[in-house]
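Everything below concerns the one structure shown next.
Numbering (full-length UniProt numbering), first residue to last: 1 to 424.
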């Protein structure tokens, strides 16, 4: 039905509660079904809300149900530039208030569920986790269309001036923003790149490659929201500090983030203008879709020999670096994997310049014992990104397959995108 209507981007703003199942577990038929659907329909991008369990007992491993799926784009929530006020009553929440100072979209929403996702990865013999969330977008006090059944919410997250719209918060507000961004991106790729049916992997690769790292993009001009009198009049009083109480529920402090990717922000906040620019301007960035790849031996090689690149199974891209300037390379590789808890096909990414090599996700910060060892290929994530500041010279980007599933019933392909920014 979805395909009959020619819709190739699907938003799923329904997330599970991590307390009802094993934390971060791939034990839901929803996750397996989503992976199978995208594997069989690689042009379908499924955008999924990460969930709102960030304040629950477990600080990590809160991603559940379909959000755990390998092939979906899982979206967490950050704050917004909308003016916000902390309301301690009724359990406490940030709400829209036009007389307060702007929020800070470089701060994570405290309720946003955090990764990692449990994978039971028996293939690669590494700790059984992978990255989820993928990206984040504003999800606090967002103005949205109001269904009749939501009338009971009233003005919990802010007063709307239109009876057909209301303010709401959650990763279910963030995910549609990313789905909308993907629709704009898809149109730009079709018009400027001549790719009539861009894959979901390509959309993911570009969106993830152009994200803003919340660790380095914090807006120093943004200040905490100020508490206002109930009638909106009079002089504003300073808001209570995060973690303090003012006669009601204490405002939770936004979770701290490490450099992306990490367990809170994933690969960072979606930057729509930058993603569109990469797609439309060939002088700014480059992307390739549906790059075929296999390993020489079905069933793969011994995983200890992950460095081995079998003849014919690798793709190499040479990226000239402009002389006389300081350059930063961002390159992202994505692929749809066949259904299964662990990766069924293992594709890895690395970039080399001179004697230096960076692997996909090898700078990742994560909770203890669940990130790949530094300077080794990532063999458990089908989304891999490298950000290399001060690239010393011409870069060779290599993508290779060390394990593939011969029962996958269709060719294995990947998408890749990169952008090189310079400064004097």
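Think of the CB as a built atom: it goes at the ideal place given N, C-alpha and C, for glycine as much as any other residue. All of these numbers come straight from a predicted model, not from anything done at the bench.
- For residue 348, the secondary structure class from DSSP, reduced to helix, strand or coil, is strand.
- Apart from sequence neighbours up to five positions away, the residues of its chain that approach residue 353 with a beta-carbon distance below 7 angstroms are 391, 392, 393, 394 and 395, ordered along the chain.
- Residue 325 counts as exposed, since fewer than 16 other beta carbons sit within 10 angstroms of its beta carbon.
- Excluding residues up to 5 positions away in sequence, 394 lie with their Cβ nearer than 7 angstroms to the Cβ of residue 320 in the same chain.
- Counting only residues of its own chain and dropping the five nearest sequence neighbours on each side, residue 315 has a CB closer than 6 angstroms to the CB of 291 and 399.
- Taking 8 angstroms as the cut-off, the Cβ atoms of residue 270 and residue 181 count as close.
- At the C-beta level, residue 279 and residue 193 come within 8 angstroms of one another.
- The residues 328, in chain order, have a CB closer than 6 angstroms to that of residue 389 in the same chain once the five nearest residues on each side in sequence are set aside.
- Minimum Cα-Cα distance from residue 39 among the listed residues 378, 424, 375 and 343 corresponds to 343.
- Scanning its chain for C-beta atoms nearer than 6 angstroms, with the 5 sequence neighbours on each side dropped, one finds around residue 424 the residues 325, in chain order.
- At least 8 angstroms separates the beta-carbon of residue 205 from that of residue 401.
- DSSP places residue 187 in the uninterrupted alpha helix (DSSP H) bounded by 171-188.
- A straight line joining the alpha-carbon of residue 188 with that of residue 9 spans about 15 angstroms.
- Rounded to whole angstroms, the Cβ separation of residue 145 and residue 165 is 6 angstroms, and the two are in contact under 8 angstroms.
- The continuous stretches of alpha helix (DSSP H) do not include residue 11, which lies in the beta strand (DSSP E) extending over residues 9-12.
- Taking all protein chains in view, the Cβ of residue 7 is surrounded by fewer than 16 other Cβ atoms within 10 Å, so the residue is classified as exposed.
- Beta-bridge partners assigned by DSSP to residue 335: none are found.
- The Cβ atoms of residue 268 and residue 135 sit closer than 8 angstroms to each other.
- Separation of the CB atoms of residue 361 and residue 261 is rounded to 6 angstroms, and the pair is thereby assigned contact status at 8 angstroms.
- The beta carbon of residue 73 sits closer than 6 angstroms to the beta carbons of 47, 134 and 204 from its chain, once the five residues preceding and following it are set aside; these are given in chain order.
- In the structure shown, the three-state DSSP call for residue 68 is helix.
- For residue 420, the enclosing beta strand (DSSP E) has its first and last residue at 413-423.
- Distance from the Cα of residue 112 is smallest, within the candidate group 412, 377, 32 and 77, for 77.
- Beta-bridge annotation (DSSP): residue 138 is paired with 78.
- A distance below 6 angstroms between beta-carbons, with the five flanking residues on each side excluded, links residue 174 to the following residues of its chain, in chain order: 75, 77, 137 and 139.
- Less than 8 angstroms divides the Cβ of residue 385 from the Cβ of residue 208.
- Secondary structure note for residue 280: its alpha helix (DSSP H) is the uninterrupted segment 272-280.
- Residue pairing by DSSP places residue 316 opposite 398 in a beta bridge.
- C-alpha of residue 318 to C-alpha of residue 142: approximately 43 angstroms in a straight line.
- Assigned with DSSP and collapsed to three states, residue 262 falls in strand.
- By the criterion of a C-beta distance shorter than 6 angstroms, residue 347 is surrounded in its chain by 335, 401 and 414, once the five residues flanking it on both sides are discounted.
- Excluding its 5 nearest sequence neighbours in each direction, residue 286 has C-beta neighbours in its own chain below 6 angstroms: 418, listed in chain order.
- The DSSP-derived three-state label of residue 166 is strand.
- Between the alpha carbons of residue 345 and residue 171 lies a distance of about 30 angstroms.
- CA-CA distance, residue 14 to residue 405, rounds to 31 angstroms.
- Rounded to the nearest whole angstrom, the C-alpha separation of residue 108 and residue 341 is 28 angstroms.
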